[in-house]
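**Student:** Supplied in structure tokens, the structure appears directly below.
Numbering (my numbering), first residue to last: 4 to 115.
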């Protein structure tokens with residue numbers, strides 16, 4: 004799992020126990036197919052889901068399958084969820100970051 008800058012900032016701003024619970028759930032999602040932990044939202048955007056101390060945390064993510072040997076999950080950003088429905092603007096923001104990620108990656112690959 005790789006974290007883009009916004010995801011790192013989100014995790015850094017949380018208290019240690021909340022952050023540890025999120026990281027634990029990400030680790031757990033690697034070995035189990037549990038929609039309570041990792042759920043597809045639309046097209047290429049997924050979310051890691053964590054509930055800790057009555058607070059719902061979400062980390063948005065997508066898959067980078069561009070290398071034949073390794074598939075990497077990239078986390079774009081996070082939020083503390085206050086409503087039942089995930090805000091469409093947050094899904095759109097994750098998609099924007101996904102497109103930007105692949106554009107930058109393509110540029111790096113072309114320069115090698």
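Ideal Cβ positions, reconstructed from N, Cα and C, are used throughout, including at glycine.
1) Using C-beta distances below 8 Å, list every residue in its chain close to residue 32, excluding the 5 sequence neighbours before and after it, in chain order.
2) In or out: residue 29 buried (at least 16 other Cβ within 10 Å) or exposed?
3) Look at residue 79 and residue 101 and say whether their C-beta atoms are less than 9 Å apart.
4) Give me whichever residues DSSP pairs with residue 76 in a beta bridge.
5) Pick helix, strand or coil for residue 5, following the three-state DSSP scheme.
6) In the DSSP assignment, find the alpha helix (DSSP H) that holds residue 108 and state where it starts and stops.
7) Which of helix, strand or coil does DSSP assign to residue 42?
8) Buried or exposed: where does residue 60 fall if 16 or more other Cβ atoms within 10 Å of its Cβ makes it buried?
9) Along the chain, where does the beta strand (DSSP E) containing residue 52 start, and where does it finish?
**Tutor:** On the basis of the coordinates in this document:
1) 40, 41 and 51
2) buried
3) yes
4) 66
5) strand
6) 91-114
7) strand
8) buried
9) 48-55
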